[in-house]
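*Asks:* There's a structure below that I have some questions on.
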Amino acid sequence: MEKSEIVEDIYTKEEKAKILENAPYTMGIVGPKTAKKLLKIAEKDKDYPFHNPPMVIGYEVTHACNLRCRHCYNASGVKGPNELDLENGKKVIDQVHDVGCSYIIFGGGEPFTRKDIFELMGYAFKKDIKIAISTNATLIDREKAKKISDLEIYNVQIGVDGTEDVHDTIRSVKGAWKRTYNAIYHLLDAGIPVTAIFTTMRSNFSNIEEYIDFMKDEFGDVVYLIFVRATYAGRAMETGEVLSAIEWLNAANRITEKLNFDNWSHIPYCYILDSIRLNRIVKEFMKTSLGEQVYPEQVRRDVLEKNVPVEEAVYKLVGGVCKAGLWHMAVDPDGNITPCAEMGISLGNIKETTIEEVWKNHEIFRKLRNRRTEIKGKCSACSSFEWCRGGCRAGGLRFFGDISASDPGCIPPQDQKEVDFNVM
479 MEKSEIVEDI
489 YTKEEKAKIL
499 ENAPYTMGIV
509 GPKTAKKLLK
519 IAEKDKDYPF
529 HNPPMVIGYE
539 VTHACNLRCR
549 HCYNASGVKG
559 PNELDLENGK
569 KVIDQVHDVG
579 CSYIIFGGGE
589 PFTRKDIFEL
599 MGYAFKKDIK
609 IAISTNATLI
619 DREKAKKISD
629 LEIYNVQIGV
639 DGTEDVHDTI
649 RSVKGAWKRT
659 YNAIYHLLDA
669 GIPVTAIFTT
679 MRSNFSNIEE
689 YIDFMKDEFG
699 DVVYLIFVRA
709 TYAGRAMETG
719 EVLSAIEWLN
729 AANRITEKLN
739 FDNWSHIPYC
749 YILDSIRLNR
759 IVKEFMKTSL
769 GEQVYPEQVR
779 RDVLEKNVPV
789 EEAVYKLVGG
799 VCKAGLWHMA
809 VDPDGNITPC
819 AEMGISLGNI
829 KETTIEEVWK
839 NHEIFRKLRN
849 RRTEIKGKCS
859 ACSSFEWCRG
869 GCRAGGLRFF
879 GDISASDPGC
889 IPPQDQKEVD
899 FNVM
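Numbering of the sequence shown is given in our numbering, commencing with residue 479 and proceeding in unit increments.
The following block contains the structure:
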């Protein structure tokens, strides 16, 4: 672990309580307007990805990072020799706007290592593109939080991989956790919604319950929790942090049990949300006149009459758990266009083609949109295929070398009877 100076709490107990009392809530990584638009389009047209622009585009602005996380799928560290400069970075944003996308997520690497990050975000803001940020938050102080607030950023997604010692070990820098912890309060104090993303891996496998207890005791429901799994890429493959399918299933069961979510399907999908909160709030909202406007009849019927978890009802409508190629795509720091940053493939570069051209015409996107017929192996025969549609496409590609291969990180429900759920 790299050395770092001792970092102290910035806020008093009383100050933190006041911040949490006035802090904004978030329901996840996309805004309500974007979610409403996506659901309405999907309700009217089951082939909507063929006829509509992406709803969300991720732009990884740099390979550089001030941490060396054991699970990083990009193996981020130093700035790459071919990273887009400011002019070409703005070209990415122009293309996001031109394709008709209304939501961009700035990530990395660590986006705040880039000196012109606020100029890039400001450029997107002026084009009326909604902004989110994916960050380790260690470089966010009060001043940066205020500047982020001025851009009306919808959500800041922060990687928090455990309690203090576990997190610092994973991030390879002593004091990283405390900086992130302080940054969460900076952001909440500035009125910015925060999502904490816990990447489940070998190093924090036994820390799950303690982490959830801490986050709930510290932040209540103000900070939204999402749990993902380390992917078959980058530094995670070198460090051995990727969980087996049985381990991930074990972790998923423990997460949902800890969050008191008892009606999930036991499909350990890519993103496990703070579902008890999500379902409680959304169910009540669906019963209102406004909820009827936001959520299509199919989703409301599944949730309110059949007790289907909200996320699974939504996944069924929009075409699957994995968003790549359906309503999401990404651009890497060098300008390469890809369905998902975790896939590590380039379908073209913004210097030579456009996001719109690749989105509309590339064969890989066609495959991703035809999952009902393209997905192979165990996933195609799964009892949950109708709404899951093969799980993580990056997992299939990275592990099997085939974008249509089954998700290697999942054990279908019909095969779980033979699984020892207590594996450690």
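Glycine residues also receive a C-beta, built at the ideal position from the N, C-alpha and C atoms. Note that this is a predicted model, so its numbers are computed, not measured.
1. Return yes when the Cβ of F584 is within less than 8 Å of the Cβ of I618, no when it is not.
2. Whole angstroms is fine: what's the gap from A602's alpha carbon to I609's?
3. Could you tell me the alpha carbon to alpha carbon distance between I662 and V672, rounded to whole angstroms?
4. Suppose you measure from the CA of P774 to the CA of N757; what does that come to, to the nearest Å?
5. Tell me the rounded alpha-carbon separation between N500 and R778.
6. Roughly how many angstroms separate the alpha carbons of S482 and C547, rounded to a whole number?
7. Would you mind stating whether L464 and D752 have Cβ atoms separated by less than 8 Å?
8. Could you work out which residue in G873, G798, A872 and Q892 is closest to N848 when comparing CA atoms only?
9. How do the stretch 675-690 and the stretch 616-634 stand: do at least 3 beta-carbon pairs fall below 8 Å, yes or no?
10. Counting only runs of 4+ residues fully inside the stretch 609-693, write out the alpha helix (DSSP H) ranges in chain order.
11. If contacts are defined as beta-carbon pairs under 8 Å, then G558 and D812 qualify, I think. What distance do you get, rounded to the angstrom?
12. Would you mind sorting T766 into buried or exposed? The rule is 16 or more other CB atoms within 10 Å of its CB.
13. Here's the rule I'm using: 16 or more other beta-carbon atoms within 10 Å means buried, otherwise exposed. How should D893 be labelled?
14. With DSSP as the reference, label I750 as helix, strand or coil.
15. Can you give me the C-alpha to C-alpha distance between I607 and E521, rounded to a whole angstrom?
16. Whose C-alpha, out of K524, L666 and T512, is nearest the C-alpha of A495?
17. Going by DSSP, what residues sit across from L601 in a beta bridge?
18. DSSP beta-bridge partners for T717?
19. For a quick check, are the C-beta atoms of V534 and I833 less than 8 Å apart?
20. Pull up the distance between the alpha-carbon of I648 and that of F878, whole angstroms please.
21. What do you reckon, are the CB atoms on S884 and K845 nearer than 8 Å?
22. Work out the CA separation of N839 and M902 for me, nearest whole Å.
23. Tell me whether F528 is buried or exposed, calling it buried when 16 or more other Cβ atoms sit within 10 Å of its Cβ.
24. What number of angstroms, rounded off, separates the C-alpha of I626 from the C-alpha of A802?
25. Given that a residue counts as buried once 16 or more other Cβ atoms are within 10 Å of its Cβ, and exposed if not, what is S851?
26. Relative to the alpha-carbon of I724, which residue among D810, P890, M807 and K515 has its alpha-carbon at the smallest distance?
27. Does DSSP put A808 in a helix, in a strand, or in coil?
28. Roughly how many whole angstroms lie between the Cα atoms of G869 and C800?
29. Going by C-alpha distance, which of E716, F705 and G712 is nearest R732?
30. If S824 sits next to T816, beta carbons under 8 Å apart, how far is it from one beta carbon to the other, in whole angstroms?
31. Quick check on the DSSP output: what are the complete alpha helix (DSSP H) runs of length 4 or more inside the stretch 839-868, in order along the chain?
32. Of the residues M807, N614 and A791, which one's Cα is nearest the Cα of F863?
33. Since E588 contacts A542 with CB under 8 Å, what's their CB separation in whole angstroms?
34. Is Y551 helix, strand or coil by DSSP?
35. Since L727 sits in a beta bridge, which residues does DSSP pair it with?
36. How many Å lie between E735 and Q573 at the Cα?
*Replies:* In short, the structure shows the following:
1. Taking C-beta atoms as the reference points, I618 and F584 fail to come closer than 8 Å.
2. One C-alpha to the other measures close to 8 Å.
3. Distance between the alpha carbons of I662 and V672: 7 Å.
4. Each residue's Cα considered, the two are about 16 Å apart.
5. When rounded, the distance between both Cα atoms is 31 Å.
6. With a pLDDT of 49 at S482, under the threshold of 50, the modelled position of that residue is not reliable, and the figure given next carries that caveat. Approximately 15 Å between the Cα atoms of the pair.
7. As shown, the chain starts at 479 and ends at 902. That puts residue 464 outside it, with no answer to give.
8. Of the candidates G873, G798, A872 and Q892, G798 places its Cα closest to the Cα of N848.
9. The answer is no - the stretch 616-634 does not touch the stretch 675-690, with fewer than three Cβ pairs under 8 Å.
10. List check, alpha helix (DSSP H) in window: 620-628, 642-649 and 654-667.
11. Confirmed, Cβ separation roughly 6 Å.
12. The residue is exposed, with fewer than 16 neighbouring Cβ atoms inside 10 Å.
13. Counting Cβ neighbours within 10 Å, D893 comes out exposed, since fewer than 16 surround it.
14. Correct three-state label for I750: strand.
15. For I607 and E521, the distance between alpha carbons rounds to 24 Å.
16. The residue with the shortest Cα to Cα distance from A495 is L666.
17. In the sequence as presented, Leu is not what sits at residue 601; that position holds Tyr. DSSP lists no bridge partner for Y601.
18. DSSP lists no partner for T717.
19. Cβ distance not < 8 Å, so V534 and I833 don't count as in contact.
20. Roughly 27 Å between the two C-alpha positions.
21. In this structure, S884 lies away from K845, with their beta-carbon atoms at least 8 Å apart.
22. Its pLDDT being 49, under 50, M902 is placed unreliably in this model, and the coordinates cannot settle the point.
23. The residue is exposed, with fewer than 16 neighbouring Cβ atoms inside 10 Å.
24. When rounded, the separation of the alpha-carbon atoms in I626 and A802 is 27 Å.
25. One point to set straight first is that residue 851 is Thr, not Ser, in the sequence displayed. Looking at its Cβ environment, which holds fewer than 16 other Cβ atoms inside 10 Å, T851 is exposed.
26. Residue P890 is the option with its Cα nearest to I724.
27. In the structure shown, A808 sits in a strand (DSSP, three-state: E or B).
28. One C-alpha to the other measures close to 6 Å.
29. Ranking E716, F705 and G712 by Cα distance to R732 puts F705 first.
30. Contact holds; Cβ gap of about 6 Å.
31. Within the stretch 839-868, the runs of alpha helix (DSSP H) at least 4 residues long that lie entirely inside it are, in chain order, 841-847, 849-852 and 863-866.
32. Of the candidates M807, N614 and A791, the one whose C-alpha sits nearest the C-alpha of F863 is A791.
33. E588 to A542, Cβ: 7 Å. Contact.
34. In the three-state DSSP reduction, Y551 falls in the coil class, being neither helix nor strand.
35. Partner(s): none; L727 has no beta bridge.
36. Their Cα atoms are separated by approximately 43 Å.
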